[in-house]
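Quick notes on the structure that follows.
There are 2 protein chains.
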Amino acid sequence: MTTAKRDTYTPESLLAVAVQVFNERGYDGTSMEHLSKAAGISKSSIYHHVAGKEELLRRAVSRALDGLFAILDEEQAREGRAVDRLEHVTRRMVGVLTSELPYVTLLLRVRGNTETERWAMDRRRDFDHRVADLLKAAIAEGDLREDVEARLATRLLFGMINSLVEWFRPDARGADGAEIADAVVQLAFRGLRIED
Amino acid sequence: MTTAKRDTYTPESLLAVAVQVFNERGYDGTSMEHLSKAAGISKSSIYHHVAGKEELLRRAVSRALDGLFAILDEEQAREGRAVDRLEHVTRRMVGVLTSELPYVTLLLRVRGNTETERWAMDRRRDFDHRVADLLKAAIAEGDLREDVEARLATRLLFGMINSLVEWFRPDARGADGAEIADAVVQLAFRGLRIED
DNA sequence: CCTTGTCCCGACCGATCGTTCGGTTACTCT
DNA sequence: AGAGTAACCGAACGATCGGTCGGGACAAGG
Chain Y
1 MTTAKRDTYT PESLLAVAVQ VFNERGYDGT SMEHLSKAAG ISKSSIYHHV AGKEELLRRA
61 VSRALDGLFA ILDEEQAREG RAVDRLEHVT RRMVGVLTSE LPYVTLLLRV RGNTETERWA
121 MDRRRDFDHR VADLLKAAIA EGDLREDVEA RLATRLLFGM INSLVEWFRP DARGADGAEI
181 ADAVVQLAFR GLRIED
Chain E
1 MTTAKRDTYT PESLLAVAVQ VFNERGYDGT SMEHLSKAAG ISKSSIYHHV AGKEELLRRA
61 VSRALDGLFA ILDEEQAREG RAVDRLEHVT RRMVGVLTSE LPYVTLLLRV RGNTETERWA
121 MDRRRDFDHR VADLLKAAIA EGDLREDVEA RLATRLLFGM INSLVEWFRP DARGADGAEI
181 ADAVVQLAFR GLRIED
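Read top to bottom, the protein sequences are chains Y and E.
When the count follows full-length UniProt numbering, it moves up by one through the first sequence with no breaks and lands on 196 for the last residue.
When the count follows full-length UniProt numbering, it moves up by one through the second sequence with no breaks and lands on 196 for the last residue.
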């Protein structure tokens, strides 16, 4: 039996409101006053649910990072040819970006001003390196062209995927991002130009 | 005869310092105190050169936008097949991103909290649409695949190019970004995968 | 009824925000 | 030398920052 319906805030439901405001105004541009207006409760009441502004940030980026790292544990990311594993990770990244959009958006925008932000940037860099290794392996296995440097290609691939947070908005009709994942894979692996 | 060497600040030289700090800490995360420390002059002295914090932002994003819009006026962006014009704009965007890196970085990160930021976002959107029209024309002329929607492809292309501000750092040996432009064009137009 | 704990509030804290002001230094021009 | 001005400074402004405090409203359990 899950908790019955309550019209009060939980740390999680408050987080959802906070993350939305963070993304609209930027984390540094958001005051606790802004959050209280958006949540409909007073500024001091927020501190009944969470320890402060930075805990909201930490919860948000943790959620995003957990979603991303979980991809690497999936079977299709661990077994098979590197190029196929890379394509799977690419598709699943688009999936996580769309399903956890506000949290990932916040993660991709932290600047490293606080210890929490630097920790998030470090974990994110770890994830990036893991995917970069996958791309290098795909080149070594002869499935990807080697005239584009692996690190550069990884950065451009991430640039393409991560740009979703700048323009993707969830759709009423259930666009779960599968068609976007197709487009990303098409563009990244086969290119825009028609070869003939 | 240009102005003789001066060890005092001009609005332009102060802007260069300010933009660097803005990019390190984020615009909202940067206080005038931070700027005064970085510039080596007192907080109040900054106001002798510029009207305030927001003018620094306006000057910076204006410079970035002027650089981008100038691309569209170039002959190679106005004449020839759409696909070739698009490739030229792509290469030149990489060039402007690298040569005006800190200014474009700031432009790509504004959130719309002030009138200046919203104006910058509007102008940037105009530019994006101009490039999107180019891509649509290239599809209409039969040079680009039509199984990826034009607007989506434009967004992914921009995502790839704009990601430069997240990782590109100017090199001592004059890497002017030409090799990066090659990589972007290779990836975007021909893809990563080896076709055979 | 009274206690207990959850949820919330207005008032307030010291610190910091962007900005202003009056005044001083130092260079340029005559 | 004296006047004018560009460049700069310390001190302070009102506003807002993130966060604290004591207490009120209210439902549950006895």
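Ideal placement from N, C-alpha and C gives every residue a C-beta, glycine not left out.
Would residue i pass as an interface residue toward chain Y - the criterion being a Cβ-Cβ separation below 7 Å?
| i | result |
| --- | --- |
| E/Leu57 | no |
| E/Asp133 | no |
| E/Leu187 | yes |
| residue 199 of chain E | Nothing about residue 199 of chain E can be reported from this structure: the residues present for chain E run from 1 to 196 only. |
| E/Arg118 | no |
| E/Arg193 | yes |
| residue 242 of chain E | There is simply no residue 242 of chain E to check, as chain E begins at 1 and stops at 196 in what is shown. |
| E/Arg78 | no |
| E/Asp196 | At E/Asp196 the pLDDT is 49, less than 50, meaning the model places this residue with poor confidence and gives no usable figure here. |
| E/Gly177 | no |
| E/Arg124 | no |
| E/Arg190 | yes |
| E/Ala16 | no |
Identify whether residue i lies in helix, strand or coil by the three-state DSSP scheme.
| i | result |
| --- | --- |
| E/Arg193 | strand |
| Y/Glu54 | helix |
| residue 237 of chain Y | The structure shown does not extend to residue 237 of chain Y, since chain Y is modelled only from 1 to 196, so the question has no answer here. |
| E/Leu144 | strand |
| Y/Val110 | coil |
| E/Glu75 | helix |
| E/Phe158 | helix |
| E/Ile41 | coil |
| E/Arg168 | Here residue 168 of chain E turns out to be Phe, not Arg, going by the sequence shown. E/Phe168: coil per DSSP, three-state reduction. |
| E/Glu12 | helix |
| E/Tyr47 | helix |
| E/Tyr103 | helix |
| E/Asp176 | coil |
Report yes or no: is there a C-beta of chain E within less than 7 Å of the C-beta of residue i?
| i | result |
| --- | --- |
| Y/Leu152 | yes |
| residue 205 of chain Y | Absent from the structure is residue 205 of chain Y, since the part of chain Y shown begins at 1 and ends at 196. |
| Y/Ala130 | Strictly speaking, residue 130 of chain Y in this sequence is Arg, with Ala absent from that position. Chain E, which has no Cβ nearer than 7 Å to the Cβ of Y/Arg130, makes this no. |
| Y/Met160 | yes |
| Y/Thr3 | Summary for Y/Thr3: the model assigns pLDDT 35, below 50, so the residue's position carries little reliability; its value from the coordinates is reported in the next sentence. Chain E contact via Cβ: absent. |
Taking the alpha carbon of residue i as the reference point, which residue from the options has its own alpha carbon closest?
| i | options | result |
| --- | --- | --- |
| E/Lys43 | E/Leu14, E/Asp7, E/Arg81 | E/Leu14 |
| E/Gln186 | Y/Asn162, Y/Asp182, Y/Leu157 | Y/Leu157 |
| E/Asp84 | E/Arg193, E/Val19, E/Ala137, E/Arg123 | E/Ala137 |
| Y/Leu134 | Y/Lys53, Y/Thr8, Y/Leu86 | Y/Leu86 |
| Y/Leu68 | Y/Tyr27, Y/Glu12, Y/Asp126 | Y/Asp126 |
Worksheet entry | Given 8 Å, three or more beta-carbon pairs between the stretch 99 to 114 of chain Y and the stretch 134 to 143 of chain E | Taking one beta carbon from each stretch, the stretch 99 to 114 of chain Y and the stretch 134 to 143 of chain E have fewer than 3 pairs nearer than 8 Å; the two do not touch.
Worksheet entry | Three CB pairs or more closer than 8 Å across the stretch 177 to 193 of chain Y and the stretch 90 to 102 of chain Y | Contact holds: three or more Cβ-Cβ distances are below 8 Å.
Practice prompt. Report yes or no: do three or more beta-carbon pairs, one from the stretch 72 to 80 of chain Y and one from the stretch 146 to 161 of chain Y, lie closer than 8 Å?
Written response: By the criterion of at least three beta-carbon pairs nearer than 8 Å, the stretch 72 to 80 of chain Y is not in contact with the stretch 146 to 161 of chain Y.
Discussion item. Any contact between the stretch 45 to 58 of chain E and the stretch 26 to 36 of chain E? By contact I mean 3 or more CB pairs, one from each, below 8 Å.
Written reply: The stretch 26 to 36 of chain E and the stretch 45 to 58 of chain E touch, with three or more beta-carbon pairs separated by less than 8 Å.
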